[in-house]
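Peer 1: One structure, as structure tokens, below. Some questions next.
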Amino acid sequence: MIRAHVYTLRPTPEQKTLLAQTVGVVRLVYNLALEQRRTWSGKRYVGGNSRLFGAKGSSQELKALRAAYDWIGAVSQTAQNQALIDLDRAFANFFEGRASYPTPRRKGINDAFRQVGREVSVRRLNAKWSEVKIPKIGWIRYRDTRPLRRGEGDVVDIRNATIRRSAAGGWQISISHRWDVTEGDTPVGAVGVDRGVAVPFAMSNGTKVSLPSTMAARDKTLRRAQRKMSRKRRGSRRYAKARFRVARLKARNAMARKHLAHVTSRRLVRDYGLIAIEELRTRNMVASARGTLEEPGRNVAQKRGLNRAILNVGWHQFEMMLGYKLEETGGILVKVPAAYSSQECAACGHVDKENRKNQAVFVCIACGAVDNADINAAKVICDRALTGQTAENQRWNTSLLDVEGNASAPREASTQPTEACDTVDALV
Ligand SMILES: [Zn+2]
């Protein structure tokens, strides 16, 4: 299995300069090769071969460049070669219709370079810190938040490493490495997860995960910074400064959200072999709030706010994380249809919008069961997965619901006890 771990680098001031030089030169090489291919594509190159320039075709050019300019030669050749390989791939994607024509890499946006694994090594310094050796730059310290997995012969098998300047201005490294999955330690047990706006993740086991309170404060600061930015003249120095501030705040928020999704998904994958979530189409939800010309959506402003929040919480990201983390443990991710999961009682299966007293409380009007609304939904999601009402085989019978959507008839298999969510055995 190949996975990448991302770490925050702590380069020294000298190393920072070298990193900045490296991304600059690598970007230049990429853009020069792109320019050259644009100029010469379809023409016969005077050098004699009619082949398009590529990682191989340009390597002669690269050699010449490196020899002619000390500052180009001073930067890792592998990193430059990797950029040319990227360019080849970009052109291949273009010619095969998967992408548009390659565009030049831009400063501040494409500040990254890649090293091949055999030229990169890592060593541990202490419980918290490790360092990574990058050609021509040396050993750079990083906070070792998650140890790299060891492969054959108890060594870390690094495939490649990408170093990039983050939007927040710091340096990050993504180390891609390979190891073998050990079988036999898939946890038993199933859990349902309800993703929400007010509460990002609620679990059928009764736990909830909330966003850190610092985030609300940062959101406020961010909005203020955005207003300030909008008052500056575009292109001015003050504008650039304000934009950087906005970018940094956004990046911090994104990082906090991502961290939350990582921690939550990691914990779930460790404890459960089956994880059930709703199949969501966030993109459709955004479109439907806006409505159509003939039928404009109601409460568009509120809904837009809600939709923005939905997208912000990073549900899709969470889903991806669950997916690949479950691969590591041999567990499975089950997506169930989302219809009425917030109106259905997890205890008796009665579906009614009256069940939902408000955003937080669920009181079943049929059986009187009381629960937190998000936890109830998570239990319903888990039930659906265990009773085979998955989005995939669509066994969820919508005919049980009336046309208005105010389903009054109880669904079949409503007797599935919620305790079933404690074991995967209920599946068989
Ligand atoms: Zn009920």
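Take the position in the sequence shown, starting the count at 1, then add 103; the result is the number in this note's numbering.
Where is the CB? At the ideal position from N, CA and C, for every residue including glycine.
If you're wondering where the values come from, they're calculated on a predicted model, not measured in any experiment.
Quick check on the burial criterion: 16 or more other C-beta atoms within 10 angstroms. Buried or exposed for K428?
Peer 2: That one is buried.
Peer 1: Helix, strand or coil for G176? Go by DSSP, reduced to three states.
Peer 2: In this structure, G176 counts as helix in the three-state DSSP scheme.
Peer 1: Just to confirm, does C485 get its C-beta within under 6 Å of one of the non-hydrogen atoms of ligand 3?
Peer 2: As for ligand 3, it is missing from this structure, which binds only ligand 1.
Peer 1: Classify M358 as helix, strand or coil using the three-state DSSP reduction.
Peer 2: Helix.
Peer 1: For the stretch 238-255 and the stretch 337-353, state whether three or more C-beta atom pairs, one from each stretch, are separated by less than 8 Å.
Peer 2: Segments in contact, no.
Peer 1: Between T111 and the rest of its own chain, which residues show a CB-CB distance below 7 Å, the 5 nearest in sequence each way excluded?
Peer 2: These residues qualify, in order along the chain: Y245, R246, G273, Q275.
Peer 1: Measuring CB to CB, does C470 end up less than 7 Å from N458?
Peer 2: Cβ distance not < 7 Å, so C470 and N458 don't count as in contact.
Peer 1: Is the separation between the beta-carbon of G426 and that of G376 shorter than 7 Å?
Peer 2: Contact: no.
Peer 1: If you reduce the DSSP assignment to three classes, tell me which class E199 lands in.
Peer 2: DSSP places E199 in coil when its eight states are reduced to three.
Peer 1: Opposite Q446 in the DSSP bridges: which residues?
Peer 2: DSSP output for Q446 lists no bridge partner at all.
Peer 1: Listed by chain order, which residues have C-beta atoms less than 5 Å from any heavy atom of ligand 1?
Peer 2: After applying the 5 Å Cβ criterion, the set is C448, A450, C451, H453, C467, A469, C470, A472.
Peer 1: Three-state secondary structure (DSSP) at W143?
Peer 2: Looking at W143 - three-state DSSP - the assignment turns out to be helix.
Peer 1: Quick one: Cα of R498 to Cα of K311, how far?
Peer 2: Note that R498 has pLDDT 40, beneath the 50 cutoff, so the model's placement of it is unreliable and the number below is only indicative. One C-alpha to the other measures close to 29 Å.
Peer 1: From I266 to V284, what does the alpha carbon distance come to, in whole angstroms?
Peer 2: Each residue's alpha carbon lies about 27 Å from the other.
Peer 1: Compare the C-alpha of L131 against each of R140, R208, R192 and name the closest.
Peer 2: Nearest of R140, R208, R192 to L131, Cα basis: R208.
Peer 1: Have a look at Q218 and R262 and give me their C-alpha separation to the nearest angstrom.
Peer 2: Each residue's alpha carbon lies about 9 Å from the other.
Peer 1: Can you say whether E398 is buried or exposed, counting buried as having 16 or more other CB atoms within 10 angstroms of its CB?
Peer 2: Bear in mind that the predicted position of E398 carries a pLDDT of just 46, short of 50, making it unreliable; the figure below should be weighed with that in mind. Counting Cβ neighbours within 10 Å, E398 comes out exposed, since fewer than 16 surround it.
Peer 1: Going by the beta-carbon positions, is the gap between I278 and P114 smaller than 7 Å?
Peer 2: It is not a contact, given that the beta carbons lie outside the stated cut-off.
Peer 1: Leaving aside the five residues before and after S307 along the sequence, list all residues of the same chain whose C-beta is less than 6 Å from its C-beta, in chain order.
Peer 2: Cβ neighbours of S307 beyond the five flanking positions: V294, G295, A481, K482, C485, C524.
Peer 1: Rounded to the nearest angstrom, what separates A123 and N356 at their Cα positions?
Peer 2: Cα-Cα distance, rounded: 25 Å.
Peer 1: For A215 versus D477, is the C-beta spacing smaller than 7 Å?
Peer 2: No, Cβ-Cβ distance for A215 and D477 is not below 7 Å.
Peer 1: Can you give the beta carbon distance from T324 to L363, rounded, assuming they're within the 8 Å contact cut?
Peer 2: Contact doesn't hold; Cβ gap of about 19 Å is too wide.
Peer 1: Quick one: Cα of M104 to Cα of E431, how far?
Peer 2: Approximately 8 Å, taken between the alpha carbons.
Peer 1: Rank P116, S162, R298 by C-alpha distance to the C-alpha of L135 and give the top, closest one.
Peer 2: Of the candidates P116, S162, R298, the one whose C-alpha sits nearest the C-alpha of L135 is S162.
Peer 1: When you compare only the Cα positions, how much space is there between S445 and A379?
Peer 2: Taking the straight line joining both Cα atoms gives about 15 Å.
Peer 1: Helix, strand or coil for G273, going by three-state DSSP, please let me know.
Peer 2: In this structure, G273 counts as coil in the three-state DSSP scheme.
Peer 1: Secondary structure at W282, three-state DSSP: helix, strand or coil?
Peer 2: Residue state, collapsed to three classes: coil.
Peer 1: Roughly how many angstroms lie between the CA atoms of I240 and F465, to the nearest whole one?
Peer 2: Approximately 58 Å, taken between the alpha carbons.
Peer 1: Can you give me the C-alpha to C-alpha distance between Y204 and F197, rounded to a whole angstrom?
Peer 2: Straight-line Cα distance between these residues: approximately 6 Å.
Peer 1: Locate the beta strand (DSSP E) running through L383, then write down its first and last residues.
Peer 2: It is not in any beta strand (DSSP E) - L383 carries neither H nor E in the DSSP assignment.
Peer 1: If you check the beta carbons only, do M358 and R346 fall under 7 Å apart?
Peer 2: In this structure, R346 does not lie closer than 7 Å to M358 by Cβ.
Peer 1: Within a Cβ cutoff of 7 Å, which residues of the same chain sit near V126, ignoring the five residues on either side of it in sequence?
Peer 2: Hits under 7 Å: D214, A215, F216, R268.
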